[in-house]
Structures are given as C-alpha cells and as structure tokens.
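With the numbering used here applied, the sequence shown corresponds to residues 5 to 663, in that order.
We put the CB at the ideal spot given by N, CA and C, even for glycine.
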Amino acid sequence: MKRKLVLTVVLLVMILSSVLPAYGLNEDDFKTVIKLKPGSGTIAINGKSYSAESPFVEGGTLFVPLRLILEAFGAEVNWQGNNKVNIIYGDYSFDLTVGDRKYFVNQDEKQFDTPPRYKKDKIMIPLSFIEEYFDVSVSKDEQTGTVTVILEDDGALTDLSFLIGSISESKIGDSYYGWSIDVPRGSRVGFITFNSKYIYVENDQRDIGIEVYIDTNVEGSLKDYYEKVSDSPMDFMDGIMVDCTLNSDKNPQYVEILYINDYEEAAIQRLYTNNRYLYKVVLTSYSETEPENIIDNKFFISLLNSFRLGYKGFEDGVQDLSKVEFGMAKYENYITDDSYRKHFSWEMKLPPEWDEMDTHSDNPYVTRLGKNEKEYVVVELAAVESEFKMDEFITKLLDYYKGNFNEKCYEFQRSGKSSVGGRESHNIVYKLVNGMNTYVVEENFLVAGDLLYNITIKSPEDKYKLQKTTYNKILESFSYSSKEQSSLKDGLKKYSYASNRNRVGKNDDISKYINNEYEWKIELAGYWTKGSELDSSVQTFYNDRTGAIILIEAVENEDFSKTADDKAKFAFLSNIISQDVELKNEGSLTFKGHKVKTYTYRMEDEEEDIYMDFQVYVMNTGTYSYCYISAISDLYASEKNLKEMQEIWNSFTPALKKD
5 MKRKLVLTVV LLVMILSSVL PAYGLNEDDF KTVIKLKPGS GTIAINGKSY SAESPFVEGG
65 TLFVPLRLIL EAFGAEVNWQ GNNKVNIIYG DYSFDLTVGD RKYFVNQDEK QFDTPPRYKK
125 DKIMIPLSFI EEYFDVSVSK DEQTGTVTVI LEDDGALTDL SFLIGSISES KIGDSYYGWS
185 IDVPRGSRVG FITFNSKYIY VENDQRDIGI EVYIDTNVEG SLKDYYEKVS DSPMDFMDGI
245 MVDCTLNSDK NPQYVEILYI NDYEEAAIQR LYTNNRYLYK VVLTSYSETE PENIIDNKFF
305 ISLLNSFRLG YKGFEDGVQD LSKVEFGMAK YENYITDDSY RKHFSWEMKL PPEWDEMDTH
365 SDNPYVTRLG KNEKEYVVVE LAAVESEFKM DEFITKLLDY YKGNFNEKCY EFQRSGKSSV
425 GGRESHNIVY KLVNGMNTYV VEENFLVAGD LLYNITIKSP EDKYKLQKTT YNKILESFSY
485 SSKEQSSLKD GLKKYSYASN RNRVGKNDDI SKYINNEYEW KIELAGYWTK GSELDSSVQT
545 FYNDRTGAII LIEAVENEDF SKTADDKAKF AFLSNIISQD VELKNEGSLT FKGHKVKTYT
605 YRMEDEEEDI YMDFQVYVMN TGTYSYCYIS AISDLYASEK NLKEMQEIWN SFTPALKKD
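The structure is reproduced here in structure tokens:
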C-alpha cells in the first residue's frame with residue numbers, strides 16, 4: 005500500500021506542477037530557516053522565536069541545542085536513558101552517547117571531533133555534525149554574530165506535504181468523528197478523503213503507515229464484530245489473518261487483528277466502536293513480514309495504545325485533521341484530460357457521512373455521492389449548443405421518462421423553476437417505486453455557458469421531507485468553474501466521440517451484428533453499445549438509455565461440453581447463478597428449428613436496490629452451443645422496452661452457414 009500511495013502522490017505532483025499558479029508557491033516556503041546567536045537564549049525558526057538553552061562556542065566548535073534544532077528539521081529524537089540518544093532522519097539512524105566521541109550511523113561506527121555535552125540538563129551537539137548529515141547551509145553575519153542555518157532538503161518539500169499535509173504536532177485527531185492518536189515526528193498525511201472519514205499517515209523514518217477509517221454504518225456490538233472477523237476475516241482486511249482477539253478489559257475496548265497484507269507487510273488492525281461509528285485503526289510496518297514483530301515493538305504498540313475517543317478539538321498538541329465545517333464537508337470535482345492535466349469542474353458541500361460512490365459507468369463527467377444506494381446525489385455534465393432551449397429539453401425528457409419507465413414504478417410530481425448555487429435552474433420531481441421502496445427523485449438543471457449541469461437527488465419518500473433542508477443546502481452550495489468550461493466542453497466532445505465508436509450503428513436505426521467465428525447474428529438499434537471483449541466467443545451489448553443488457557456466449561461442442569450441464573458450460577450463466585438469484589421458471593421451446601431450454605432468474609437485492617429478471621436461453625446447434633441472456637430492471641421494464649428486448653431475441657440467429 006505504501007508504494008502504491010507514493011506513486012499516486014508523485015503522479016499528482018507531476019500533474020499539478022503544470023497547473024498550479026506561479027504565485028501560489030515560493031521556493032523559500034519549503035525551507036527551514038533557523039537563526040541563532042551564541043550566548044542568546046532565543047532561537048528563531050522560520051521567523052518564530054523559541055526559548056532555548058543558549059548556543060556556545062568552545063575550542064572553536066559551535067554547540068547548539070540538539071532536540072530543538074533536529075526536531076525542527078523533521079528528525080525524530082528518542083532519549084534512551086544512560087546518556088544515550090537515538091536520532092532518526094530519512095535513511096539515517098544515529099546512536100550517540102553524551103560525552104562519548106564514538107557514535108553510530110546505521111550501525112557504522114564514527115568519531116566526533118568534539119563529543120556532545122550537557123548544558124543545564126540540555127544536550128548540546130556540534131553544529132558540524134548537523135552540517136555533515138543534514139542538507140544545510142550555514143552562514144554568519146560578522147557584524148551581529150547571528151548564525152543562519154537553512155535546511156535545503158526540507159522534509160516538507162521532500163515528503164510532498166505542501167500538497168498533502170505536514171503534521172506539526174505529536175498527535176492527530178478529528179474533532180467531528182471524535183478520535184485522536186499519537187504519531188511519530190516527521191510524519192505526514194499521505195491521503196485524506198474529502199470528508200476525513202479515511203486518513204492515511206506515513207512515516208519514512210519508522211517505515212510505517214497509520215490508517216484511521218470511520219464506518220458510519222455500525223452493525224452490532226464489539227463482540228458481534230469479533231465474531232464477524234473470526235467468521236469472515238476478508239471482510240475486514242486484505243491479506244492473511246494470523247490472529248484475532250477481543251480485548252474487553254482495555255479502555256477503550258477493541259478487537260485486534262494481526263495479519264499479513266497483500267503486499268506481504270505486517271499489520272495490526274484495531275476495531276473500536278461508540279455505537280455511532282466503527283473506528284478501524286491500522287498500523288502497517290513496511291519492513292516487517294511478521295505481525296508478532298509489531299507486537300514486540302514497544303514504540304509501535306505505544307502508538308496504537310494512544311488511540312482515544314472523545315476528542316472535540318482545541319486541545320494543545322493535537323492537530324485537528326477534520327474537514328467538516330458547520331456540519332458539512334466540501335467535495336471538489338476535478339476532470340483529468342488526455343494530457344493528464346486536472347481541470348476543476350465543480351464543488352458542493354455534503355453531509356460528512358456521505359461518500360463518493362461507484363457510478364457503474366466509465367463516464368468521468370458523472371459523479372455520484374451519497375450514504376447508500378437509497379440516498380445520494382448525482383452530478384452529470386453535458387455540452388450544449390447556443391440554440392439550447394430548456395423548456396424543449398424538459399418536455400422531451402418527460403416524454404422519455406413516460407415511455408421508458410415502468411408505469412407501475414413511475415409517478416410524475418411536478419416541474420418548474422428552482423435554484424442551484426444561487427442561480428436560476430429548472431427541476432422536475434417524480435416518484436419511483438423499486439421493490440418495496442418508494443423514492444423521490446429531484447432533478448435540477450443548470451445551464452452555464454456551454455455546459456448543462458444535472459444535479460439529481462434521490463431519497464426515500466419518508467426521508468425526503470425530513471431532510472429537505474439538508475438537500476437544499478447541498479444544492480445551494482453548488483458552484484462551478486467558469487474558467488475551465490472550454491476545456492470541459494472539449495473533453496465532453498472527445499468522450500462522446502470515443503463512446504460512439506462502440507455503438508452498434510452510426511444512427512439509431514436497426515443494425516445487424518454478425519459474429520462470423522461462432523456463426524451467429526443479431527439485430528438491434530444503433531444506440532446499443534457493444535463490449536470490447538478480447539474473446540470472440542463472448543459478446544455483451546448494453547443500452548445506456550435503460551440499463552438493459554444482452555449477453556451471448558458460444559461454446560464449441562467437444563466431449564466435455566456435450567455432456568456438461570449448462571452452468572459448467574457457460575461462464576455468463578455460472579456468474580449469474582453464483583449471485584443471490586432465485587430460479588423462477590424453467591422450460592423449453594423450439595426456436596428457428598432448434599430446441600431451446602429456458603430459465604428465468606430473479607434478483608432482488610435490498611441493499612444494492614436492484615430488482616430485475618434474467619431471461620436465459622440455451623441451445624445446442626451441433627457445432628456450437630449458445631447461451632443468450634437478457635436483463636432489464638423493473639424500473640425500465642415498460643411495455644415499449646420489453647417489446648424491444650423480445651424483438652432483439654427474435655432476431656437472434658444461431659448456426660449461420662459460412663459462405
């Protein structure tokens with residue numbers, strides 16, 4: 005995981021380096037500048053004054069406070085007792101003893117010209133030691149006697165924290181979700197989600213990563229989670245579980261999982277709950293392969309043991325990483341073009357419990373954010389021409405809904421003016437019945453320049469009225485970039501062109517598709533798109549207007565396939581049956597001179613909000629056996645669409661004779 009995240013961040017730097025404004029960053033912002041004067045108890049670090057033991061010169065050697073200077077440079081200073089100190093910085097690990105000329109660098113023995121010493125219980129170290137191992141430049145003002153030490157290779161620049169986030173305190177926390185934890189010095193935030201539900205902290209000196217993930221869907225007590233982990237460990241971590249324990253005698257209580265992740269790195273995950281959230285805390289050691297070695301490392305365990313619930317912010321020594329302000333989290337949307345440049349598209353504020361969700365589409369101009377499949381917002385961009393008329397667009401859209409939605413599932417409510425981001429927009433509101441659930445769908449359309457923004461909110465009917473104030477806040481928080489509209493429109497045109505290349509036909513008329521190798525053909529409207537399968541024995545077709553799918557698989561009849569059952573013979577059918585489906589009907593018919601076995605499978609997934617039938621036809625034609633599968637959700641199972649699906653099946657012709 006570490007290497008994967010680092011690569012992502014490096015790519016991010018490469019991308020942003022071409023779009024960040026020149027005035028946004030100054031080279032000096034990434035240097036640590038220390039000004040000190042022998043005999044003075046005040047040391048300035050990046051312009052801020054600190055009280056410290058005064059530097060002094062002895063035998064021509066300038067001594068400076070070890071901890072203050074090195075920690076300012078991002079090093080980790082560990083007092084080990086008996087006058088011994090360990091310093092970790094980058095790839096260096098220093099071990100030295102106060103008063104001893106001998107010290108070790110990565111276990112290699114070295115010699116001080118003048119050893120470190122105490123001054124009023126503070127360790128003072130020769131500045132020459134810092135010059136040797138830290139990328140610093142040292143200068144002296146002869147008139148004032150001020151010595152300036154500049155760290156050129158500042159950790160803030162090296163670790164990319166100017167893009168991600170440096171950590172200046174010994175603890176991090178989140179005041180919204182109410183947690184805090186100790187982190188080693190020199191740590192940085194490698195990744196954080198827009199709502200701060202997931203935070204990844206990395207420390208190169210210790211070669212560890214710390215992750216904190218908040219799950220807002222709490223299902224049971226800590227004991228229940230212990231049983232779930234024991235029964236299904238892969239639901240909680242990626243890798244091989246070594247051990248799992250319930251530590252009910254600790255405060256706070258936690259479930260501890262020892263495992264080896266998919267990168268063969270040792271990791272420990274702890275689960276905490278306060279009945280509102282489930283907290284997942286993971287410490288990964290990138291240099292260890294055995295989780296027991298983390299257990300034996302007192303420093304690592306002290307970090308895990310420092311995790312606390314109840315943090316509310318405004319505590320000294322804790323850096324609050326929460327991105328929640330006034331109960332909402334800001335989401336910013338960027339589109340990456342062909343040259344890997346990112347263009348700011350739009351932003352809006354959302355409830356912190358909402359997440360970015362799968363759109364089930366490769367369209368980068370569609371974004372879905374929500375709590376679950378039942379409550380979410382979708383933002384979709386489309387390019388429009390100067391002659392675009394909103395009234396005509398709304399009329400055509402309503403006609404489309406009337407013809408394509410199942411009349412048992414769709415009920416129009418209203419249409420009229422609305423407001424999005426303080427701008428006049430137009431909305432349509434309708435109800436959808438899916439399974440046992442009834443939803444209110446509110447679509448808002450805003451035209452800005454050459455772009456049409458469609459912001460759609462879907463909510464359970466009983467919740468829509470209760471949460472209307474929140475939904476209005478979401479809509480009013482929406483804003484877009486006027487500077488990037490030209491780039492976004494160009495990108496939309498390129499995406500449309502690329503998508504159209506996979507259409508079955510150039511226009512919407514009925515087109516013929518022929519699979520010569522496996523000797524079958526089919527006829528469907530040109531707006532259907534075909535999948536780009538590498539294996540010509542399988543072919544998928546998709547209707548992005550209704551979500552309908554058609555899957556066709558051909559298998560050459562050999563000794564095995566002649567006697568194998570349909571599930572073993574056809575991968576498509578096997579995949580469907582492996583899902584949580586119910587066989588509703590099974591029968592047979594004669595189709596174009598061939599005996600056909602028919603199956604109807606029903607899928608009802610309450611959590612994913614999926615309700616649909618899969619119609620399956622299987623036939624053996626001699627040289628090949630064919631499996632034809634069609635499916636359309638209940639929502640779009642209108643008389644018009646069901647008729648189209650039947651006509652496509654009727655057009656299917658297997659066992660074509662080659663010329």
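Contact between N410 and D638 holds: CB atoms are separated by about 6 Å, below the 8 Å threshold. The alpha-carbon of L593 is positioned some 46 Å away from that of P237.
Classified as buried, R274 has 16 or more neighbouring CB atoms from the shown chains inside 10 Å of its CB. Cβ-Cβ distances below 7 Å link N255 to nothing in the same chain once the five nearest sequence neighbours on each side are left out. In this structure the region 51–61 does not lie against the region 172–192, because fewer than three pairs of beta carbons, one per stretch, are closer than 8 Å. Out of N207, L40 and P120, the CA that lies nearest to the CA of A79 is found in N207. Collapsing the DSSP output to three states places R280 in coil. The beta carbon of H347 sits closer than 7 Å to those of Y338, I339, D341, E488, S491 and L492, all from its chain and outside the five residues before and after it, given in chain order. If you draw a straight line from the Cα of F595 to the Cα of I553, it is about 21 Å long.
In the structure shown, E415 falls within a strand segment according to DSSP collapsed to helix, strand and coil. If only complete runs of 4 or more residues are kept, the region 468–523 shows the alpha helix (DSSP H) at 472–480 and 489–504, in order along the chain. The beta carbons of N367 and Y499 sit closer together than 8 Å. Shown here for L307: same chain residues with a beta carbon closer than 6 Å to its own, the five before and five after excluded, namely D186 in chain order. Beta-bridge annotation (DSSP): E611 is not paired with any residue.
DSSP, read as helix, strand or coil, puts T293 in coil. Here L538 is exposed, its C-beta having fewer than 16 other C-beta atoms within 10 Å. With respect to the 8 Å criterion, D513 and G495 are not classified as neighbours on the basis of their beta carbons. Nearest neighbour of T288 by Cα position, chosen from L587, Y229 and I298, turns out to be I298.
The residue from E446, E391, Y230 and V102 with its alpha-carbon nearest to that of R418 is E446.
Put simply, of L70, K232 and S143 the residue whose alpha carbon is nearest the alpha carbon of P130 is L70. For S326, there is no enclosing alpha helix (DSSP H), as DSSP marks it with neither H nor E. Between the alpha carbons of Y335 and F311 lies a gap of roughly 28 Å.
Contact annotation: I633 and L555 have beta-carbon atoms nearer than 8 Å.
CA-CA distance, E391 to D266, rounds to 54 Å. For K88, the enclosing beta strand (DSSP E) has its first and last residue at K88 to Y93. Taking C-alpha positions only, G45 is separated from G149 by approximately 14 Å.
Using a 10 angstroms sphere on the CB of M128, the tally of other CB atoms reaches 16 or more, which defines it as buried.
Exclusion of the five residues before and after V388 leaves V451, D454, L455 and L456 as the residues of its chain whose Cβ lies within less than 8 Å of its Cβ. The bridge partners DSSP lists for R105 come to none.
Shown here, R210 sits in coil according to DSSP, grouped into three states, outside any helix or strand. The shortest C-alpha to C-alpha distance from S349 to any of Y484, D609 and K435 is the one to Y484. Here DSSP, grouped into helix, strand and coil, assigns V187 to coil. The C-beta distance from F60 to G43 rounds to 7 Å, short enough to fall under 8 Å. Taking C-beta separations shorter than 8 Å and ignoring five residues to either side along the sequence, the partners of C248 in its chain run Y230, V233, S234, P237, V259, E260, I261 and L262, following chain order. By a beta-carbon distance limit of 8 Å, S578 does not contact K588. Their separation comes to about 18 Å.
Per the coordinates, the alpha-carbon of T118 lies some 46 Å from the alpha-carbon of W183.
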